[in-house]
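Numbering (the numbering used here), first residue to last: 1431 to 1564.
Notes follow once the structure below has been shown.
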């Protein structure tokens, strides 16, 4: 998957973090095409777990959405929490030797890119612009 301007939320640091998620997906998907998905899944999941803490903290705890008066902050936070739980479950299963995790992780990332970033995150973009959150 390729980053396109359609994915931009208008906040450079958040866009940069979103681009990293594209990198994780492409790393995993590329390895899977070469039959190496099982070899890289642990590292990709580790990066993804770190990403969720950093990025969601930036959006929520740094109060970017709150400063922008985004009315759906709590709903957005619940969706983030569900994704974090999903990633943690994948990490647990991978550590236990589940060989289907790489495919499931690729699907989870793809869904997140297409539904969450392009959908939910784009919902807060106008609020960020109006509040001049950079």
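From the three backbone atoms N, C-alpha and C, an ideal C-beta is built for every residue, glycine too.
Distance between residue j and residue i (C-alpha atoms, nearest Å)
| i | j | result |
| --- | --- | --- |
| residue 1539 | residue 1474 | 11 Å |
| residue 1510 | residue 1464 | 31 Å |
| residue 1467 | residue 1521 | 14 Å |
| residue 1527 | residue 1516 | 17 Å |
| residue 1425 | residue 1493 | This structure does not reach residue 1425, given that the chain is present from 1431 up to 1564, and the question cannot be answered. |
| residue 1507 | residue 1552 | 15 Å |
| residue 1470 | residue 1451 | 15 Å |
| residue 1547 | residue 1529 | 28 Å |
| residue 1461 | residue 1543 | 18 Å |
| residue 1505 | residue 1484 | 19 Å |
Environment of residue i [buried if 16+ CB atoms lie within 10 Å]
| i | result |
| --- | --- |
| residue 1532 | buried |
| residue 1525 | exposed |
| residue 1537 | exposed |
| residue 1436 | exposed |
| residue 1482 | buried |
| residue 1564 | exposed |
Reference residue i, options the options, closest by Cα
| i | options | result |
| --- | --- | --- |
| residue 1454 | 1432, 1439, 1438 | 1432 |
| residue 1480 | 1549, 1556, 1513, 1546 | 1513 |
| residue 1503 | 1562, 1438, 1558, 1529 | 1558 |
| residue 1497 | 1554, 1476, 1535 | 1554 |
| residue 1561 | 1549, 1461, 1499 | 1499 |
| residue 1556 | 1457, 1501, 1472 | 1501 |
Check whether the region 1440-1447 touches the region 1481-1498, counting contact only when three or more Cβ pairs, one atom from each stretch, lie closer than 8 Å.
Three or more beta-carbon pairs drawn from the region 1440-1447 and the region 1481-1498 are found closer than 8 Å, and the two stretches are therefore classed as touching.
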